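> Going by the working numbering, the first residue of the sequence shown is number 46, and it counts up by one from there.
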Amino acid sequence: MMRVRTLFARSARAAAEYYGKYLAKDAHEIPGRWTGRQAPELDLIGDVTIDDLSDVLAGLDPRTGDPLGRPLLDRITASGKTIPAVGGFDATFSAPKSLSIWWGLTGDERLAECHDIAVRAAASAIERYGSTTRIRSNGRRMHVDTNGLTMAVFRQSTSRADDPQLHSHVIISSRVQTPDGRWYALDARVLKKHQRTFGGLYQSVLRAELTKRFGVAFDDIDNGLAEISGAPAELIAQFSKRAADIDIEMDERVGAFIDEIGREPTRFERAAIEREVSRDTRAPKTGRSPADLRARWIAEAAEVGIDVRSLPASIAAAARRAPTLQPVSVDAILTELAEHRSVWHRLDVLRTLCDLTPSQPGHDGATWAGALEHAVDTVLADCIDLDPAGEAGQRRGSDGRSIWTEPIAAQATSEHVLAQEERILTWAMSTQLDDPQPALEIDPLGLDGAQLDAASAVAGDDQLVVVVGPAGAGKTRMLDTAVFALQDRGRSMIGVAPTARGAEVLHWESNLDADTVAKLIHDLDHPSPDSIAAGLPRGTTLIVDEAGMLNTADLHRLVDHVERHQWRLILVGDPHQLAPVGRGGMFTELCDTVRTVELDQLHRFTEPWEANASLALRRGDSRSLDVYKAFDRIRPGRLDQHLDTIADLWLDCDRQGETLAITTTRNADVAAINERIQLRRATAGQLDPDTLVPIGDEWAMIGDIVATRHNDRRLRTSRGDHVRNRERWIVDATHPNGDLTVSRLEGHGSTTLPVAYVAEHLELAYATSEYGAQGITADRSLTLATPATTCRGLYVGMTRGRTENHALVVTDEPTLEAACDALDFTLASDRADVPAVRHRADVTWSEARSTVQHKMKSVAPPALSM
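1. Distance, Cα to Cα, residue 150 vs residue 343?
2. Ordered along the chain, which non-local residues of its own chain (more than five positions away) have a Cβ less than 6 Å from that of residue 240?
3. Give the range of the beta strand (DSSP E) segment to which residue 823 is assigned.
4. For residue 557, which residues of its own chain have a beta-carbon under 8 Å away from its beta-carbon, when the five flanking residues on both sides are left out?
5. Between 504, 476 and 477, which has its C-alpha nearest residue 488's C-alpha?
6. Measure the CB-CB distance between residue 422 and residue 253 and report whether it falls below 8 Å.
7. Please report the residue range of the beta strand (DSSP E) in which residue 188 lies.
8. Are the beta-carbon atoms belonging to residue 233 and residue 138 less than 8 Å from one another?
9. Quick test of your reading: residue 168 and residue 215, contact by CB under 8 Å. State the CB separation rounded to the nearest angstrom.
10. Are the beta-carbon atoms belonging to residue 236 and residue 103 less than 8 Å from one another?
11. By a C-beta neighbour count over all protein chains shown, 10 Å radius and 16 as the cutoff for buried, is residue 293 buried or exposed?
12. Comparing alpha-carbon positions, which option in 724, 698 and 809 lies nearest residue 753?
13. Is residue 533 helix, strand or coil when you go by DSSP?
14. Suppose you measure from the CA of residue 63 to the CA of residue 118; what does that come to, to the nearest Å?
15. To the nearest angstrom, how far is the alpha carbon of residue 864 from that of residue 53?
16. Measure the C-alpha to C-alpha separation of residue 260 and residue 175 and round it to an integer number of angstroms.
17. Output needed for residue 348: all residues of its chain with C-beta closer than 8 Å, excluding positions within five of it in sequence on either side, in chain order.
18. If you draw a straight line from the alpha carbon of residue 60 to that of residue 78, how long is it in whole angstroms?
19. Taking the alpha-carbon positions, what's the residue 471 to residue 633 distance?
20. Whether or not the region 829–846 and the region 702–720 are in contact is what I'm after, with contact meaning three or more pairs of Cβ atoms, one per stretch, closer than 8 Å; do they touch?
21. Starting from the Cα of residue 244, find the closest Cα among 337, 88, 227 and 140 and give me that residue.
22. Any chance the region 610–628 sits against the region 507–526, with 3 or more Cβ pairs inside 8 Å?
23. How long is the line joining the alpha carbons of residue 811 and residue 360, rounded to whole angstroms?
24. For the alpha helix (DSSP H) containing residue 337, name the first residue and the last one.
25. How is residue 631 classed by DSSP in three states: helix, strand or coil?
26. So, under 8 Å CB-CB, residue 431 and residue 456 are touching, yes? Tell me the CB distance rounded to an integer number of Å.
27. Looking at the structure shown, is residue 456 part of a helix, part of a strand, or coil, going by DSSP?
28. Expressed to the nearest angstrom, what Euclidean distance is found between the alpha-carbon atoms of residue 411 and residue 170?
29. Would residue 782 pass as a contact of residue 770 if the rule is Cβ separation under 8 Å?
30. Nearest to residue 256 by alpha carbon, out of 155, 112, 393 and 880?
31. Have a look at residue 876 and residue 835 and give me their C-alpha separation to the nearest angstrom.
32. Using the rule of at least 16 other Cβ atoms within 10 Å of the residue's Cβ for burial, across every protein chain shown, is residue 308 buried or exposed?
33. So the beta strand (DSSP E) residue 229 belongs to, where does it begin and stop?
34. Would you report the Cα separation of residue 667 and residue 692, rounded to the nearest angstrom?
35. Round the Cβ separation of residue 543 and residue 591 to the nearest angstrom and send it over; I've been treating them as touching at under 8 Å.
36. Determine, using beta-carbon pairs with one atom in the region 793–808 and one in the region 760–777, whether at least three such pairs fall under 8 Å.
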């Protein structure tokens with residue numbers, strides 16, 4: 046695939062020597078080559094020299110040594126922090142392991158040429174879409190094309206474990222020149238944000254070129270990558286020593302992340318995991334040439350029964366058996382895009398095409414790259430363009446968009462997405478044309494004014510009620526009162542939540558029949574006498590808890606059924622807490638559009654200052670960090686240090702009979718925390734190793750806290766409830782056959798989990814991800830903050846505890862300043878989806894405002910009379 050690393054100007058010479066000397070001549074690789082439209086203008090043609098590359102990465106003209114624009118100097122902030130100047134970027138493209146092995150065993154240089162062609166196609170795409178710069182003009186910012194990029198390409202053929210591994214480093218200068226001859230800084234946001242697209246394009250072009258030249262077939266595409274069909278799995282494993290080292294160190298972090306969160310890691314989360322592990326397992330290269338290593342590679346292949354002749358034969362046989370693959374339709378591409386986001390960029394379309402579309406007969410790599418671009422145009426022609434209509438003025442040649450529009454801004458959506466969003470908003474606004482009609486005689490005992498208003502609205506007659514409740518605002522108490530009032534009047538109601546865990550909490554804390562949103566929608570779409578929706582009359586109140594986690598498609602279905610059955614819809618949630626996985630954001634849009642009732646007093650926190658700080662944190666106000674720091678709630682440190690701190694505090698809370706919520710973002714860190722606490726408990730004699738039972742890739746003992754990770758309505762507790770995803774249990778007994786007897790941590794029954802469930806769907810649960818933490822209240826809380834943590838995740842983690850909430854920040858420097866800098870970045874990081882209607886309104890308003898400001902600046906101010 047592709048990975049991008051930033052190169053700093055102050056290390057330009059060392060970087061140049063690394064790429065130009067260590068990776069090339071000393072390692073018996075071919076010399077690096079200059080490419081990019083800007084390179085010839087600097088007399089950079091042919092082989093790369095260390096001196097020229099050093100100058101380029103230092104921001105200097107290699108012909109004269111003069112700075113290209115402003116000198117690249119480190120900057121010191123007011124707080125004393127050094128911001129290093131960026132000299133360039135390393136975009137690394139790696140071939141599928143099956144191709145590298147085939148090339149390594151046979152020495153067929155045509156295979157390496159296929160890799161080179163795919164790298165050139167990807168580099169060309171980076172130059173086309175990612176060579177813009179930003180220029181201020183009359184208070185606005187232009188995003189203009191430049192003369193292109195200056196790039197140096199170094200092809201390598203071995204991994205650090207001396208296995209065959211074709212890959213290329215594309216070194217990109219951070220200096221770009223506009224057509225008027227001025228030099229500026231490259232706007233690298235396209236390169237970084239869409240590295241997954243450029244990596245996918247490389248893989249797709251490579252597949253086309255290999256298919257054209259060698260007639261091969263490919264396995265299914267997974268996350269953009271596909272291995273050559275017929276390459277034995279044991280052979281790939283044999284030559285993946287470096288990957289195996291990383292996999293062991295990562296402890297299957299990505300797979301565990303998917304199990305925990307229910308989705309693939311984002312590119313940010315995946316990159317953070319890989320950076321940590323790659324750094325920890327990095328070893329120096331031996332410098333041995335492929336020619337020296339080939340005899341060893343042939344011998345290692347023979348150990349698994351493969352030789353130089355049998356591998357090509359196996360690949361050819363697999364190609365003959367492969368079915369003819371048909372191109373993917375425009376509708377399929379749009380459906381895939383809309384599954385994950387509300388709006389998309391041209392490069393999002395390109396990535397989806399590369400992931401879903403098999404190469405077609407008659408294309409080589411170059412013509413396939415062109416066909417993909419044409420296919421992107423075809424898909425976008427079937428989309429709704431969200432860029433400001435009729436904007437006059439200069440446009441970029443790279444993407445045809447206005448120079449006032451950011452190159453990374455999403456630009457399109459589908460009619461289907463926009464229709465769903467507009468339908469939700471139209472219905473919501475139509476329900477609130479009249480003044481609200483609250484219920485009367487609500488029992489005010491124990492409620493503050495906002496809670497009383499909200500309970501009255503929930504128990505009233507309005508068809509739509511939206512209740513916004515920050516963490517700790519007493520939403521549960523309010524709902525309990527409203528549900529009692531509805532029951533007292535004999536009115537029908539049902540509760541749902543996006544997750545089974547949320548539905549369980551809603552059921553137990555509000556005395557309300559509750560299930561998941563998915564189950565309700567299924568039963569409504571497929572009516573049956575025993576469904577949860579059977580017999581619900583007109584006027585039924587449907588309460589949706591944690592409504593901020595509703596994806597748009599589900600909310601649209603609920604609105605459709607509510608209107609059809611003439612029910613009432615109550616949406617209760619917080620637009621600042623966790624967003625849905627995939628397309629969403631409509632609860633936030635409703636909060637900004639229709640009448641809401643907001644719970645404005647916090648009841649969870651013992652300390653008033655913490656209640657106020659949590660509200661500032663909720664708004665993303667970085668000044669909240671100063672408050673948490675003043676009360677010693679922020680701790681910097683390495684991961685291992687934090688693991689010890691967490692384990693110590695868990696044992697301390699356990700001794701004192703206090704509950705502790707432990708939250709972090711990545712499942713790999715969840716697993717590390719769980720293992721550390723379990724080890725500490727076993728060392729302290731609290732767990733008996735003689736009762737060990739395997740649970741997935743972990744072990745559980747009597748007394749361990751575990752979580753079920755799969756809804757199973759066939760497994761019933763002693764209270765008659767079914768086993769739900771994310772429920773937490775205590776292990777009461779282990780059985781010789783692998784079964785586990787467990788009781789709910791909250792005290793709502795026990796059950797025996799069969800060995801098949803234990804092996805697949807059970808895990809340790811001392812800590813949880815943010816999605817498992819939302820809705821939990823504990824005496825104290827710890828949040829392990831990493832580079833993958835976002836503002837929403839931090840807010841959820843830092844609001845679980847009544848008496849104390851601490852942020853343990855993973856930092857390289859053991860200082861509070863470093864920790865606060867990291868949390869500042871976290872507060873600015875929000876990857877929640879934005880609805881197409883909001884995006885359309887924002888770009889329209891932004892364009893209108895900029896136009897007015899531009900006109901005002903162009904009018905001379907009147908002369909002052911004296």
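Every residue gets a Cβ at the ideal spot worked out from N, C-alpha and C, and that includes glycine. In this text the structure is predicted, and so the values were computed from the model without any measurement.
Taking the coordinates as given:
1. 6 Å
2. 47 and 49
3. 823–830
4. 524, 528, 538, 539, 540, 551 and 588
5. 504
6. no
7. 185–189
8. no
9. 5 Å
10. no
11. Any answer about residue 293 is weak, because its pLDDT of 38 lies below 50 and its placement is not dependable; what the coordinates show is given next. So residue 293 counts as exposed.
12. 809
13. helix
14. 22 Å
15. 22 Å
16. 33 Å
17. 283
18. 16 Å
19. 15 Å
20. yes
21. 140
22. yes
23. 47 Å
24. 335–348
25. helix
26. 6 Å
27. coil
28. 12 Å
29. no
30. 155
31. 7 Å
32. Low confidence applies here, because residue 308 scores a pLDDT of 44, under 50, leaving its location unreliable and the question unanswered by this model.
33. 228–230
34. 29 Å
35. 6 Å
36. yes
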